[in-house]
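What follows is a set of notes on a single structure, which appears directly below.
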Amino acid sequence: MRTAALVAALLFTAARAISAQLPPDEHWRTLHTRHFRVHFAPALEEEARRAAVNAERAYTELSTELVPPRGTIDLVISDNVDFVNGYATPFPSNRIVLYAHPPTEASGLRSYEDWNALVVTHELTHIFHLDRSRGIWRFGQAIFGRNALLFPNLYEPRWVLEGLAVYFESRLTGLGRLESSEHYMIARAAAIANRVPTLQELSPGTSRFPGGEVIYVYGSLLFDYLSRTRGPGSIREFVERGAKTPLPFILTLTSRSAFGMSFQTAWRQWRDSLVREMRSSREPMPGWRQLTSAGRVVQSPRWLGDTALIYAGDKAREMPAAYEVSLSGREKNLGRRNAPGGNVLMPDGSLLFSQPDYLDPYHIRYDLYVQRNGAQVRLTTGARLTAPDVRADGEIVAVQDVPASTRLVRVTRDGRTLVPITPTSLDVQWSDPQWSPDGLRIVAVRQSRGRSDIVILDSDGKTIDSFAATHGLNSAP
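Heads up, the sequence shown is in the numbering used here, so the first residue is 8 and it goes up one at a time.
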């Protein structure tokens, strides 16, 4: 079983890189800094220069927490997929790939001042952690090179790898997922339902909510707990112990050496404190009624008349889909989707939505679709549109992804004409646009440099008013 687990961990790391192949026909350029080679396509030069600055800053800050990695790090900035993500690998060389897509759709990732700095710090933490090799591991690398089997920290479970990265993304930026209420909301909801997973349940993954996010949520909360109770220096000690131990998959040895207790003991202490906190919580607000119970993800509800709702759901054991639910709780599957997202009723009764799909083997783009009589009709191709809303005459407003940023656009009902109505800036991101009932104004969420506000615009994109400015997160006005 141990051998199978090790092989699975290594295969996962390799598969993650293989499944995210970069376009081979890009005209790549390279910036050189003290510790990085930053590779980018011409359209991403401004974002690449920002990433270079953020990477050097994060390197300096991480070097006070962990031992720096060996050699120069390759940092690739790509814009071939329409989702926020990145990955890091220590073999055959230290390399980070970041997708230049701001997290406008991922609410748990929207706690940032500069989203590029956040994801750079997260992925660079992986390099600091995984590159570290001592003792017999360093000796083996001296003979056999940077073989994937000779990086001891790669044998640790995924909740350790991702938990550490989330811990440092928040510790060093002051924002990130440990500063987001969504992380704690997930853990507290599990505690109230008496469904906090065990450590053994984290690494294999789960089809239950929040799916793959469990390793990020609980891993980071555990390392945050250990840092607060055992001191921040214990995190460095854990990485150093793991880099030298001949049995890196036996976490009890390294955790006891670094923290003075096993991970199992620390987990029980943290879990019990969370459960005690939840027992003293107030009862939920009265007057609500639960309509669905089978969904892992249920989002973007909208009224269908006065007697039903339409929502996007992902039940994990079947494809994401649009669902209609009556006020009595009776559900109807309206059709599959490539990803959960909002569904909007068009004037002719069809459903407007956005979903991702491959344009070619290397590019994934979000486009607008209409579902009529059970059949999906594609309105745009490669337009990179999300969060659509429609007014009474069929005119559409949506968020358009552009390299490393977003803007608001208007789209004709047939999808043939697209007009940008807000300027593009790396420091400003837009989300959640909605038409006013009279169709003369648009309301949307604007996020800039750590602040979020709600903006009212006319139909041509001119700002009429803004309000609710906060360092928190506005959503779905």
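Using N, Cα and C, we set each Cβ at its ideal position, and we do this for glycine too. Owing to the predicted nature of the structure, the values given are computational and were not obtained by experimental measurement.
{"Asked": "Do you know offhand how far residue 241's Cα is from residue 151's?", "Found": "31 Å"}
{"Asked": "Pairs of beta-carbons, one from the region 226 to 236 and one from the region 46 to 58, closer than 8 Å: are there three or more?", "Found": "no"}
{"Asked": "Distance, Cα to Cα, residue 105 vs residue 313?", "Found": "44 Å"}
{"Asked": "Do you know how far the Cα of residue 435 is from the Cα of residue 47?", "Found": "21 Å"}
{"Asked": "Expressed to the nearest angstrom, what Euclidean distance is found between the alpha-carbon atoms of residue 381 and residue 356?", "Found": "12 Å"}
{"Asked": "Near residue 482, what residues of its chain come up, given a Cβ to Cβ distance below 7 Å and the 5 sequence neighbours on each side ignored?", "Found": "114, 439 and 452"}
{"Asked": "Is residue 416 near residue 399, with beta carbons less than 7 Å apart?", "Found": "no"}
{"Asked": "Just confirm the distance between the C-beta atoms of residue 42 and residue 63, as a whole number of angstroms; I'd bet it's less than 8 Å.", "Found": "6 Å"}
{"Asked": "For residue 20 and residue 179, I'd like the C-alpha separation in whole angstroms.", "Found": "Low local confidence applies: a pLDDT of 46 at residue 20 is under 50, so the model's placement there is unreliable, and no value is given."}
{"Asked": "Kindly indicate which three-state DSSP category residue 474 falls into: helix, strand or coil?", "Found": "strand"}
{"Asked": "Going by Cα to Cα distance, which pick from 238, 35, 203 and 175 is closest to residue 131?", "Found": "175"}
{"Asked": "Give every residue of the same chain whose Cβ lies closer than 6 Å to the Cβ of residue 81, excluding the five residues on either side of it in the sequence, and list them in chain order.", "Found": "44 and 102"}
{"Asked": "Kindly indicate which three-state DSSP category residue 254 falls into: helix, strand or coil?", "Found": "coil"}
{"Asked": "State the beta-bridge partners of residue 464 as determined by DSSP.", "Found": "449 and 470"}
{"Asked": "Counting pairs of beta carbons, one from the region 241 to 257 and one from the region 127 to 143, are three or more of them closer than 8 Å?", "Found": "yes"}
{"Asked": "Taking only three categories from DSSP, how would you classify residue 419?", "Found": "coil"}
{"Asked": "DSSP three-state label for residue 321, please.", "Found": "strand"}
{"Asked": "Taking the alpha carbon of residue 303 as the point to measure from, which residue in 286, 310 and 324 has its own alpha carbon closest?", "Found": "324"}
{"Asked": "Please state the DSSP three-state secondary structure of residue 428.", "Found": "coil"}
{"Asked": "Count Cβ pairs between the region 177 to 193 and the region 253 to 266 that sit closer than 8 Å; are there 3 or more?", "Found": "no"}
{"Asked": "In three-state terms, what does DSSP make of residue 481?", "Found": "coil"}
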